[in-house]
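S.K.: Okay, here's the structure, questions in a sec.
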Amino acid sequence: MKTNLLRCWLAGVAATMILFISPAAIAEENTIIVQSTTSTQNSGLFDFILPQFRAETGITVNVVAVGTGQALKNGRNGDGDVLLVHAKPAEIKFVRDGYGVKRYDVMYNDFVIVGPKDDPAKLVGIGNAILALQKIASSKSAFASRGDDSGTNKKELQLWEKAKVDIANHSGSWYRETGSGMGATLNIAAGMEAYTLTDRATWIAFKNKGNLKILNEGDPLLFNQYGIMLVNPKKHPHVKAKLGQTFIDWLTGENGQAAIASYKLKGKQLFFPNAIKITN
Numbered sequence: 002m003k004t005n006l007l008r009c010w011l012a013g014v015a016a017t018m019i020l021f022i023s024p025a026a027i028a029e030e031n032t033i034i035v036q037s038t039t040s041t042q043n044s045g046l047f048d049f050i051l052p053q054f055r056a057e058t059g060i061t062v063n064v065v066a067v068g069t070g071q072a073l074k075n076g077r078n079g080d081g082d083v084l085l086v087h088a089k090p091a092e093i094k095f096v097r098d099g100y101g102v103k104r105y106d107v108m109y110n111d112f113v114i115v116g117p118k119d120d121p122a123k124l125v126g127i128g129n130a131i132l133a134l135q136k137i138a139s140s141k142s143a144f145a146s147r148g149d150d151s152g153t154n155k156k157e158l159q160l161w162e163k164a165k166v167d168i169a170n171h172s173g174s175w176y177r178e179t180g181s182g183m184g185a186t187l188n189i190a191a192g193m194e195a196y197t198l199t200d201r202a203t204w205i206a207f208k209n210k211g212n213l214k215i216l217n218e219g220d221p222l223l224f225n226q227y228g229i230m231l232v233n234p235k236k237h238p239h240v241k242a243k244l245g246q247t248f249i250d251w252l253t254g255e256n257g258q259a260a261i262a263s264y265k266l267k268g269k270q271l272f273f274p275n276a277i278k279i280t281n
């Protein structure tokens with residue numbers, strides 16, 4: 002009799018403990034951290050697609066929106082489960098160095114060069130991004146750079162290199178590094194009436210355009226590819242590999258790709274899905 006009572010009491014205690022810890026435990030267990038870019042966050046894409054993902058899987062995604070360079074650094078430190086960024090060479094290196102498991106293409110859009118409507122560097126009608134930057138440099142027109150090792154900043158520096166302009170020699174004169182995100186840099190460019198490079202999604206979502214307008218677009222060099230990777234659990238055992246891979250599979254699968262394609266702002270599609278697995 003005493004044994005039965007003891008068993009009942011222990012069962013009651015166990016049930017109480019389960020009821021006490023399970024909500025928090027379940028919430029923690031079904032949550033992942035995605036290190037991503039400011040463009041995916043500021044454009045409103047995550048606000049649109051993540052509720053769909055949670056409804057289908059029960060998994061909550063917490064986004065840390067930083068520049069791509071910082072996101073990759075955070076991933077190397079194990080501060081996240083998944084990376085969604087846009088600097089393909091750096092992403093491939095991240096995987097090859099053993100910090101990521103595999104890299105997948107997810108979606109793309111493009112970069113544009115915006116500047117003041119009076120266009121002092123005379124970029125209108127020039128479809129060549131390299132020539133556009135050379136004209137900005139030769140006219141010493143103000144240019145606002147993010148200067149923050151983001152994907153956009155990496156692309157900008159690649160373009161200056163192709164243009165054979167050593168922007169380090171002009172830092173602090175016509176070339177200004179903001180050390181800020183895309184939104185803040187666009188605000189600065191608007192205030193300075195300066196040129197800058199921006200991803201199209203952020204530009205469409207940006208409200209304080211002021212006197213700025215798109216002055217150069219369409220060059221294939223301005224193509225902007227986004228990739229996704231699982232942080233390697235062999236490097237960081239706390240990574241929620243199964244949940245993270247579920248997010249990757251969803252985003253690169255039929256439902257995720259459809260969600261990306263259907264997101265529009267001001268009647269314009271901001272991202273174009275093109276999920277193809279890249280083997281490194």
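Going letter by letter, the sequence shown gives residues 2 to 281 in the numbering used here. For every residue, glycine included, the Cβ atom is placed at its ideal position computed from N, Cα and C.
1. State buried or exposed for Gly257, treating a residue as buried only when at least 16 other CB atoms are found within 10 Å of its CB.
2. Would you list, in sequence order, the uninterrupted alpha helix (DSSP H) runs of no fewer than 4 residues that lie entirely inside the region 183-255?
3. Can you round the beta-carbon distance between Tyr196 and Val115 to whole angstroms, since I take them to be within the 8 angstroms contact cut?
4. Determine the direct distance from the alpha carbon of His237 to that of Thr4, and round the result to whole angstroms.
5. Does DSSP put Ile60 in a helix, a strand or coil?
6. Assign Gln42 to one of two classes, buried (16 or more other C-beta atoms within 10 Å of its C-beta) or exposed (fewer than that).
7. By the 10 Å Cβ neighbour count, where 16 or more other Cβ atoms means buried, how is Gln36 classified, buried or exposed?
8. Should Gln71 go down as buried or exposed, given a rule of 16 or more other Cβ atoms within 10 Å for buried?
9. Mapping the DSSP letters down to three states, classify Ser181 as helix, strand or coil.
10. So what's Thr38 in DSSP terms, helix, strand or just coil?
11. Please report the straight-line C-alpha distance between Ile34 and Gly81, rounded to a whole angstrom.
12. Report yes if the C-beta distance between Gly152 and Thr69 is below 8 angstroms; otherwise report no.
13. Among residues of its own chain, excluding the 5 on either side of Ala242, which ones have a beta-carbon nearer than 7 angstroms to its beta-carbon?
14. How would you write the range of the alpha helix (DSSP H) that Ala133 sits in, first residue to last?
15. By the three-class DSSP mapping on this structure, what secondary structure does Leu84 have?
16. Let me make sure I understand the geometry here. Which of Phe49, Lys136, Val86, Gly59 has the alpha-carbon closest to that of Leu216?
17. Please state if the CB of Thr247 and the CB of Thr58 are separated by a distance shorter than 8 angstroms.
18. Considering only the alpha carbon of each residue, which of Asn170, Phe95, Ala66, Gln53 lies closest to Tyr105?
19. Figure out for me which residue from Thr39, Leu46, Glu30, Thr38 has the closest Cα to the Cα of Lys269.
20. Using alpha carbons as the reference points, say which of Leu266, Ala138, Ala276, Ile127 lies closest to Tyr176.
21. Run through the DSSP bridge pairs and tell me what Asp106 is partnered with.
22. Per DSSP, Asp167 forms a beta bridge with which residues?
23. So the alpha helix (DSSP H) Phe95 belongs to, where does it begin and stop?
24. Using the Cα positions of Lys267 and His171, report the straight-line distance between them to the nearest angstrom.
25. Just the Cα atoms here: how many angstroms apart are Glu162 and Ala130?
26. Taking Leu145 as part of the beta strand (DSSP E), name the residues at either end of that continuous run.
27. Where does Ala122 sit, in a helix, a strand or coil, going by DSSP?
28. Shortest alpha-carbon distance to Ala169 belongs to which of Phe144, Tyr264, Asn78, Asp250?
29. Which word fits Lys123, buried or exposed, when buried means at least 16 other C-beta atoms lie within 10 angstroms of its C-beta?
30. Go ahead and label Gly101 buried or exposed: buried means 16 or more other beta carbons lie within 10 angstroms of its beta carbon, across all protein chains shown.
M.R.: Quick look at the numbers:
1. buried
2. 183-193, 201-206, 242-252
3. 7 angstroms
4. Because Thr4 sits at a pLDDT of 48, beneath the cut-off of 50, its placement in the model cannot be relied upon, and the point is left open.
5. coil
6. buried
7. buried
8. buried
9. coil
10. coil
11. 5 angstroms
12. yes
13. Leu231, Pro234
14. 130-140
15. strand
16. Lys136
17. yes
18. Phe95
19. Leu46
20. Ala138
21. Gly228
22. In DSSP, Asp167 forms no bridge with anything.
23. 89-97
24. 37 angstroms
25. 12 angstroms
26. The residue asked about is misnamed: residue 145 is Ala in this sequence, not Leu. Start and end: 144-146.
27. coil
28. Phe144
29. exposed
30. buried
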